[in-house]
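See below for the structure under consideration.
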Amino acid sequence: MGTKRPDEIEKIRSACRICKKILIEISGLLKDGLTTFDISEFAESLMEKEGVKSAFLNYRGYPGIICISINEEVVHGIPSKNKYIKKGDLVSIDVGVVKDGYIGDCALTKAISPVSAELRKLIDVTEESLRRGISKVKDGCRTGDIGWEIQTFVEKHNFSVVRDFAGHGVGKSLHEEPDIPNFGTPNTGFRLKENMVIAIEPMINLGGSEVKILSDGWTVITADGLPSAHFEDTVLVKKDGFEILTSVD
Ligand code: MF3
Ligand code: CO
Numbered sequence: 693m694g695t696k697r698p699d700e701i702e703k704i705r706s707a708c709r710i711c712k713k714i715l716i717e718i719s720g721l722l723k724d725g726l727t728t729f730d731i732s733e734f735a736e737s738l739m740e741k742e743g744v745k746s747a748f749l750n751y752r753g754y755p756g757i758i759c760i761s762i763n764e765e766v767v768h769g770i771p772s773k774n775k776y777i778k779k780g781d782l783v784s785i786d787v788g789v790v791k792d793g794y795i796g797d798c799a800l801t802k803a804i805s806p807v808s809a810e811l812r813k814l815i816d817v818t819e820e821s822l823r824r825g826i827s828k829v830k831d832g833c834r835t836g837d838i839g840w841e842i843q844t845f846v847e848k849h850n851f852s853v854v855r856d857f858a859g860h861g862v863g864k865s866l867h868e869e870p871d872i873p874n875f876g877t878p879n880t881g882f883r884l885k886e887n888m889v890i891a892i893e894p895m896i897n898l899g900g901s902e903v904k905i906l907s908d909g910w911t912v913i914t915a916d917g918l919p920s921a922h923f924e925d926t927v928l929v930k931k932d933g934f935e936i937l938t939s940v941d
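Under the working numbering, the residues of the sequence shown are numbered 693 to 941, in order.
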C-alpha cells in the first residue's frame, strides 16, 4: 500500500530488469518437444547466473521456480517433466525474482507456430490491454481507471477478463496492497500515489471469464476449457505518468 523510498525503487528497478531479461531469454527457448520443466531449469540457471532468487518458489507453498501455463491454463501452472510443449500451443510464462530483498514480476504469452489467427489475436489483444492499462497510471489515478481501460478494450474484441485474480502492489513482498483488478469503473477504487509500485497483469480468456483450480492446488484453468493469455509488467507510479520497471534497454 505504501510508497517506496528512492533507494527501494532503485532495488526494485534492478530486480525488475533482471526479471524481464530472464523472461525474454527463456521465452526465446520455447519449442515443440521441450517440457515445461526444461524451461524452468533454464530459468533457474539464469537466476543463478544473475545472482537472484525465484520470488515464487515456496511462496504460500508454491513448488516451482517459475509458472508456465499452457492453453486452457490461465496462470500458476507448475513446471513438470511430463508436460510437453507442442505446436499450436499458447504458452504463458510468469517470472518473479528477488534481489537485495526486493521483487520484480513479469509475464508474457507466446504462440508455438503454427497457430490460428484467433489465438494470435487473443495474444495481441491481451498484450495491448496491458499497454492501455499501464497508460492510465499516474499520481492520483484510481485502480478502477486501469481496470476499466483493460476491460473495455478486451470486451470490444469479444474476449473476457478473468475476475478471480488481479494485479498487485510489489515491493519486499510479491503481493502487496492494493489489488489491481483487470476490470472496473472509472473514478472508483484505490487511489495510487507517486512512488508506489504495482504489477498489472491481465489474464484474458477466449471464451467465458470463469476459472477453476486444479487438484494440484495451483493451476488455474478456464472453466470452458478454452485458451487464455497473460501479460504482466511491474510499473512505477510517477507524478505525471509511469515507468515500466520490467523493461530492458
Ligand atoms: N505473477 C503471478 C502473480 O502475481 C505469480 C505468482 S505465482 C506464486 O500471481 F506461486 F508465487 F504465487
Ligand atoms: Co504478479
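From the three backbone atoms N, C-alpha and C, an ideal C-beta is built for every residue, glycine too.
With 16 other Cβ atoms within 10 Å as the buried cut-off, status of residue i
i    : result
S737 : exposed
P806 : exposed
N897 : buried
N879 : exposed
R834 : buried
L721 : exposed
P894 : buried
E764 : buried
D925 : buried
V940 : exposed
D730 : buried
T914 : buried
S907 : exposed
G900 : exposed
G881 : buried
I808 : Looking at the sequence provided, one finds Ser at residue 808 rather than Ile. So S808 counts as exposed.
K828 : buried
Sequence-distant residues of the same chain with beta carbon closer than 8 Å to residue i, five excluded per side
i    : result
G832 : R883, L884, K885
K703 : K791, D792, G793, Y794
L866 : A747, F748, Y751, G788, I795, D797, H860
L726 : Y776, I777
H849 : K813, V817
K931 : K830, D831, E886
V889 : K696, I701, I704, G861, V862, G863, T926, V927, L928, V929, L937
Beta-carbon separation (whole angstroms), residue i vs residue j, contact threshold 8 Å
i    : j    : result
I948 : A735 : With the chain covering 693 to 941 only, the question about residue 948 has no answer from this structure.
I905 : V927 : Actually they are not in contact, since the Cβ atoms of I905 and V927 sit about 27 Å apart, beyond 8 Å.
D781 : I762 : 5 Å
L800 : F934 : Between F934 and L800 the Cβ distance is about 19 Å, and since that is not below 8 Å, they are no contact.
V787 : I758 : 5 Å
N887 : I714 : 26 Å between Cβ atoms; not a contact.
D724 : K778 : 5 Å
K830 : V929 : 7 Å
T877 : G917 : With a Cβ gap of about 30 Å, T877 and G917 do not count as contacting.
Cβ neighbours of residue i in the same chain (closer than 7 Å, five flanking residues each side left out)
i    : result
W910 : Y754, H768, I770
A858 : D871, I872, P873, N874
E868 : M693, H860, G861, V862
L814 : F851, I896, L898, P919, A921
D856 : V903
L811 : L782, A803, P919
D699 : none
K712 : C798, T938, S939, V940
Residues near residue i in its chain [Cβ-Cβ closer than 6 Å; skip 5 each side]
i    : result
G743 : none
S784 : S761, T801, H922
T728 : I760, P771, S772, K775
T844 : none
Residue i CB to nearest heavy atom of ligand 3 below 7 Å
i    : result
A747 : The model depicted lacks ligand 3 and carries ligand 1 and ligand 2 instead.
Do the stretch 819 to 826 and the stretch 765 to 779 touch if we need at least three Cβ pairs shorter than 8 Å? no
Can you find at least 3 beta carbon pairs, one from the stretch 737 to 750 and one from the stretch 700 to 714, that sit closer than 8 Å? yes
Beta strand (DSSP E) runs contained entirely in the stretch 708 to 753, provided each spans 3 or more residues: none
Contact between the stretch 791 to 800 and the stretch 826 to 842 is defined here as three or more beta-carbon pairs at a separation below 8 Å; is this criterion met? no
With a floor of 4 residues, list each alpha helix (DSSP H) that falls wholly inside the stretch 867 to 922, ordered by position along the chain. none
Unbroken stretches of the beta strand (DSSP E), 3 residues or longer, contained in the stretch 784 to 813: 794 to 803
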